[in-house]
Every structure is written in C-alpha cells, then in structure tokens.
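Before any comments, here is the structure.
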Amino acid sequence: MHVEDYADAGDVTLVDSPLMDVVANTELAAGGDAARPERFFRGVQWTADGTTLVASTSDNRLATYVLPEDLLGPTSRPRSLVCQGDVQLPEPFYSAAVAPYYSLAEPQSQLALLSCKDHPIHLYPLFPASGSSTSLCSYKLIRRETEEYICAESMLWSWPGTHFLVGSVNRLDYFDVSRTGSDGPITTIPTIPSKRHLLKGGGVGMKGMVSTLSSQRPDESGAAIVAAGTWSRWMGLYDVTRTNKPVANWNIQGVAEAFFGRDVGGNGIIQTIWSPCGRYLAINERQADGILVYDVRGTA
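Read in order, the letters of the sequence shown correspond to residues 1 to 300 in the UniProt record's numbering.
Here is the structure:
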C-alpha cells in the first residue's frame with residue numbers, strides 16, 4: 001500500500017467534535033459497582049437490520065439486546081437495555097459472527113457462529129429456549145498433521161450468508177455453510193508461503209495470528225476484497241472467491257511516524273473497517289492513540 005500521496009498534505013486541521021448524548025445503556029453499565037464490575041463486554045456487533053446488538057461478555061456469554069422502537073424519542077434520561085437472548089457457554093469463545101441476513105421479524109435468521117478452543121465452530125440460535133444453549137450444527141477445523149482442533153481467532157460471515165471465513169495462525173479457512181459436520185473448509189489459504197522456512201515464509205506473506213477480518217461491500221458479481229490483520233501488525237488483502245493468493249501484504253509498524261512524523265503506538269491489529277464505498281480501509285490497533293486510513297487504490 002502507498003501513503004506517499006498523503007505525506008505532503010500538511011498539518012491536519014482539528015475540528016470540534018459534535019456533542020454526543022447517551023440514549024441507552026445496559027444493565028451491566030447501569031448497575032453494580034462500576035469500579036469492580038462482575039463482568040465486562042469484550043465486543044459488540046450490530047445486526048444486519050439495525051434492530052439488535054449482540055455482545056460478547058467476559059463470563060462466556062453471547063448476550064442479545066433488542067433496541068426499543070422509540071430509542072431516539074424525547075426522554076429525560078438514557079433508556080435501559082435488557083438482555084433478551086442469552087447463549088451461555090461453559091468456556092471462553094474467541095470469536096463470534098452474527099448471520100448477515102439477521103431479521104428481527106424472522107426467527108430462523110437469528111443465528112450466530114462461535115469459536116471455542118479445542119472444539120469445532122458451532123452455530124447457535126441467539127434467542128435459545130430458557131436454560132438451553134444447544135448448538136444447531138458444527139463445522140470442523142482441524143490441523144491435518146496432528147488432528148487437533150484449530151481455534152478461529154477471527155470470523156467473517158458476510159452477505160449473502162452462504163459462506164464464512166475464519167482466521168487463525170498463518171492461515172485463512174473458507175467454509176460453505178451448508179456443509180456441516182466433518183467436511184471441513186472448502187478452501188484453506190496459507191498467509192505465508194511455507195511453514196518450514198526458518199524465516200516463516202522468507203519474509204513473504206502475512207505472518208502471525210489473524211486477529212480481525214472485514215469485507216468490502218460486494219460488487220455486482222458478488223466479489224469483495226477481504227482485509228485481514230494480525231497481532232504481529234501485518235495486513236493482507238484477499239479475494240477469497242477467486243484466488244488463494246493475496247492481493248497485497250504489508251506491515252504497518254512505523255508507518256505513521258515515517259509518513260506523518262507522529263508515533264501513534266500500537267501493539268497488534270484489533271479491527272479493520274471499510275468505508276461504504278469500499279475505497280478506504282481504516283486500521284485500529286490495541287494500545288494506539290491513532291487510526292491508520294489507507295486508500296486501497298494505492299495497492300501494489
């Protein structure tokens with residue numbers, strides 16, 4: 001990726017941020033000892049129809065909050081959101097992905113994929129029967145050499161929902177949703193050329209645990225570029241429906257200081273976000289005080 005075009009853009013002009021009001025919060029934030037909470041949120045996702053929030057919590061739960069219809073109506077204080085769907089697991093899960101066709105009006109669409117260590121990837125209903133957290137089906141991801149389960153650190157389930165992509169150490173795996181059980185992924189994409197090489201691919205490719213995945217909005221043919229980031233600060237762009245080779249790979253370490261004269265820190269990529277037009281890619285790191293934004297037309 002190239003950022004030279006922005007290096008001479010001059011100082012960035014800061015403007016006042018617009019005022020923001022809290023319109024709702026959860027019982028987790030509204031009650032209890034704020035200094036020592038019993039549990040906390042690890043991540044939150046919007047559903048495709050914008051009616052619901054799905055949150056991963058520190059006590060191994062996937063909690064679903066349906067937003068009130070009058071959420072933005074006049075009110076004297078923030079509304080309190082109540083958990084209406086609760087998937088409780090006996091152990092931690094490392095990634096979750098909500099069905100991209102989720103609709104509050106269609107119960108059969110209210111699904112999520114979860115990945116736990118030493119287990120297959122499971123599909124769960126977001127509103128299970130009381131006291132039940134039984135999965136509907138599973139997808140096996142194993143290492144052929146040892147037959148051990150591979151834990152997906154990141155997961156992408158994008159429209160139209162017929163396939164999903166997961167990321168783990170030095171690999172991406174592409175699944176057909178209809179092929180459950182022991183079939184495994186339909187495609188495996190190594191993110192480095194060779195595991196046996198002492199330099200982990202000889203300096204080529206994207207090294208490390210794939211910690212985040214995001215996709216452009218699909219074009220008319222249904223194709224979209226996927227952005228994958230790693231804890232080791234590598235980025236990769238992939239067109240998984242057309243090729244198992246990367247479109248681009250690059251390391252983001254030192255980029256902000258080299259081109260803009262400012263060290264924003266960073267210790268591993270935790271989030272990538274595409275602009276609605278698919279032209280810009282924002283990269284967010286843990287322990288960073290800035291976000292990198294790339295124009296993907298500069299891909300080399």
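Positions of the beta carbon are idealized from the N, C-alpha and C atoms, including for glycine. Note that the coordinates shown come from a computational prediction; the quantities given were computed from them, not determined experimentally.
Test item: CB-CB of residue i and residue j under 8 Å
{"i": "GLY167", "j": "VAL210", "result": "yes"}
{"i": "TYR102", "j": "GLN84", "result": "no"}
{"i": "ILE270", "j": "THR212", "result": "yes"}
{"i": "THR51", "j": "LEU67", "result": "yes"}
{"i": "GLY205", "j": "ASN251", "result": "no"}
{"i": "VAL133", "j": "TYR124", "result": "The sequence as given places Ser at residue 133; Val does not occur at that position. Yes, the pair counts as a contact, with Cβ atoms nearer than the cut-off."}
{"i": "TYR94", "j": "CYS116", "result": "yes"}
{"i": "ILE121", "j": "ALA96", "result": "no"}
{"i": "THR241", "j": "GLY208", "result": "no"}
{"i": "THR57", "j": "ARG79", "result": "no"}
For residue j and residue i, believed in contact at Cβ under 8 Å, the rounded distance
{"i": "GLY266", "j": "ARG233", "result": "7 Å"}
{"i": "LEU141", "j": "VAL226", "result": "Going by Cβ atoms, the distance from LEU141 to VAL226 rounds to 17 Å, so no, they are not a contact pair."}
Given residue i as reference, the closest of the options once Cα atoms are compared
{"i": "LEU111", "options": "VAL87, HIS119, PRO92", "result": "VAL87"}
{"i": "ALA24", "options": "THR57, ASP70, ALA63, PRO90", "result": "ASP70"}
{"i": "SER214", "options": "GLY268, VAL255, SER154", "result": "SER154"}
{"i": "ASP176", "options": "VAL169, ILE186, ASN170", "result": "ILE186"}
{"i": "LEU126", "options": "ARG143, GLN45, TYR294", "result": "GLN45"}
{"i": "residue 317", "options": "GLY236, THR230, ASP289, THR243", "result": "The requested residue 317 is not part of the displayed model; the chain covers only 1 to 300."}
{"i": "ARG179", "options": "LEU172, THR162, ILE192, ILE189", "result": "THR162"}
{"i": "LEU113", "options": "GLU91, PRO92, CYS137, PRO90", "result": "CYS137"}
{"i": "LEU89", "options": "ARG61, VAL82, PRO100", "result": "ARG61"}
{"i": "PRO100", "options": "TRP159, PRO92, LEU81", "result": "TRP159"}
Endpoints, the beta strand (DSSP E) within which residue i is located
{"i": "ALA96", "result": "93 to 98"}
{"i": "HIS122", "result": "121 to 125"}
{"i": "GLY236", "result": "234 to 238"}
{"i": "PRO246", "result": "246 to 251"}
{"i": "MET155", "result": "154 to 156"}
{"i": "THR272", "result": "269 to 274"}
{"i": "GLU285", "result": "280 to 285"}
{"i": "SER221", "result": "Premise fails: SER221 is in no beta strand (DSSP E) and is neither H nor E."}
{"i": "ASN25", "result": "24 to 26"}
{"i": "CYS137", "result": "137 to 139"}
{"i": "CYS151", "result": "That residue, CYS151, is in no beta strand (DSSP E); it is neither H nor E in DSSP."}
Between the CA atoms of residue j and residue i - distance to the nearest angstrom
{"i": "GLY222", "j": "GLN108", "result": "24 Å"}
{"i": "SER275", "j": "GLU27", "result": "32 Å"}
{"i": "ALA258", "j": "LEU292", "result": "13 Å"}
{"i": "THR75", "j": "MET20", "result": "15 Å"}
{"i": "ALA105", "j": "PRO128", "result": "16 Å"}
{"i": "ARG262", "j": "ASP59", "result": "38 Å"}
{"i": "ASN170", "j": "ALA55", "result": "27 Å"}
{"i": "PHE40", "j": "GLN287", "result": "18 Å"}
{"i": "ASP173", "j": "VAL264", "result": "32 Å"}
{"i": "GLU285", "j": "ALA48", "result": "25 Å"}
{"i": "CYS277", "j": "ALA63", "result": "31 Å"}
{"i": "GLU147", "j": "THR188", "result": "16 Å"}
{"i": "ILE273", "j": "ARG77", "result": "31 Å"}
Segment limits, alpha helix (DSSP H) that includes residue i
{"i": "VAL255", "result": "255 to 260"}
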